[in-house]
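The following block contains the structure:
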């Protein structure tokens, strides 16, 4: 797989493939990143923050991120730029460097998606609980025109975004070649 350099957007919230997120952009470096991505029809990588990593050595960014595209934008009432992004696919980030304005970029290599062939019966508790979450949190539900509650990868990625577990644990699940360890973890939590 080839590597390509993309801007990085480290964030404490997590976006995964086929996920959606609304963001308020106010730092000049990220305004520039969004303008460039929109003007060039490209994207950027949403990265998880590693609170114990050394920021001066760019170790505060975990190596697995999600390539994202801006799908909508608006000028908010407070004058900030509001964007809606969609996660495309996982990438492995390496060789991080910083531009003059502090915007970080990294070499990004596409990662193979999870293999997740599980039965509807195995998914039943997780997809039903996720439907309840979407029903109770209108702001989340509004991000998705067509939720894919019948797709195991989609359901598991939404749970992994929502769960209050640290970035290291999420990185572990994302690094697996299949979704079984995450499925087992969620089954224990939701049961």
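In the numbering used here, the protein residues as written are 1 to 191. Where a beta carbon is used, it is the ideal one built from N, C-alpha and C, also for glycine.
Considering just the uninterrupted stretch of the alpha helix (DSSP H) at residue i, what are its terminal residues?
i: residue 186; result: 180-190
i: residue 65; result: Residue 65 -> not in any alpha helix (DSSP H); beta strand (DSSP E) instead, spanning 61-75.
i: residue 78; result: Neither: residue 78 is in no alpha helix (DSSP H) and is coded neither H nor E.
i: residue 136; result: 120-136
i: residue 36; result: 28-40
i: residue 171; result: 167-175
Go through its chain and collect everything with a Cβ distance to residue i's Cβ below 6 Å, but skip five positions before and after it.
i: residue 80; result: 24, 26
Give me, in chain order, the residues of the same chain whose beta-carbon lies closer than 8 Å to that of residue i; leave out the 5 immediate sequence neighbours on both sides.
i: residue 15; result: 21, 46, 66, 68, 85, 87, 161
Determine which residues share a DSSP beta bridge with residue i and list them.
i: residue 152; result: DSSP lists no partner for residue 152.
i: residue 84; result: 22, 72
i: residue 14; result: Answer by DSSP bridge pairing: none, since residue 14 is not bridged.
i: residue 97; result: 105
i: residue 90; result: 66
Since residue i and residue j should fall inside the 8 Å C-beta cutoff, what is the C-beta to C-beta distance between them, to a whole number of angstroms?
i: residue 89; j: residue 113; result: 7 Å
i: residue 130; j: residue 158; result: 6 Å
i: residue 108; j: residue 6; result: 5 Å
Could you spell out where the beta strand (DSSP E) holding residue i opens and where it closes?
i: residue 10; result: 3-11
i: residue 109; result: 104-110
i: residue 45; result: 44-49
Legend entry - Segment contact flag, the segment 113-122 with the segment 170-180, C-beta cutoff 8 Å, min 3 pairs: yes
Legend entry - Touching by the beta-carbon criterion (3+ pairs, under 8 Å), the segment 35-49 and the segment 4-15: yes
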